[in-house]
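J.: Handing you this structure, nothing more for now.
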Amino acid sequence: MRKEIKNREDVYKLVTTFYGRIRSDVYLGPIFNKHITDWPHHFEHLTDFWEGNLFQKRIFTGRPLQAHKRVDRDEGYTINEQHFGVWLNHWVQTVDELYEGELAEMAKFRARKIGTFFLVNMFQAKPRVE
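Following my numbering, the numbering of the sequence shown begins with 669 at its first residue and continues without gaps.
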């Protein structure tokens, strides 16, 4: 039964369930599993990120756009809109399976905005081929 997102424990469940899907995805899993070596730390870090986003808390520290640009560079600048589309589909499906309500809808809306922002900025950071 779905419920509303109410606290950090709910956010943690969302993050860990979502990344369980990502880690086993044939398209995204190899990238994530190559670049994330400490999954427990990553889960806590991303729980901070989403808890801050959903509950308007200033608890997240880090530079996620820079980290994503670095991964794209290390992957030969091959990350594209398809990767973000698969990522977003997993996120929306995970949210919809676990939660309902205003914060669940906000989580999906913010993921779309964040994904678009990252995709555009990563595209602009790619080396120009002349």
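Glycine residues also receive a C-beta, built at the ideal position from the N, C-alpha and C atoms. Keep in mind that this is a model prediction, so the values were computed, not measured.
Jot down the residue ranges of each uninterrupted alpha helix (DSSP H) in the stretch 704 to 780, minimum 4 residues, whole runs only, in chain order.
T.: 707 to 723, 732 to 742 and 749 to 766
J.: Across which residues does DSSP place Lys671 in a beta bridge pair?
T.: Tyr767
J.: Check whether the Cβ atoms of Asp678 and Val754 sit closer than 9 Å, and answer yes or no.
T.: no
J.: Just to confirm the assignment, what range does the alpha helix (DSSP H) spanning Arg796 have?
T.: Premise fails: Arg796 is in no alpha helix (DSSP H) and is neither H nor E.
J.: By alpha-carbon positions, which one of Glu770, Val760 and Ile747 ends up nearest to Arg780?
T.: Val760
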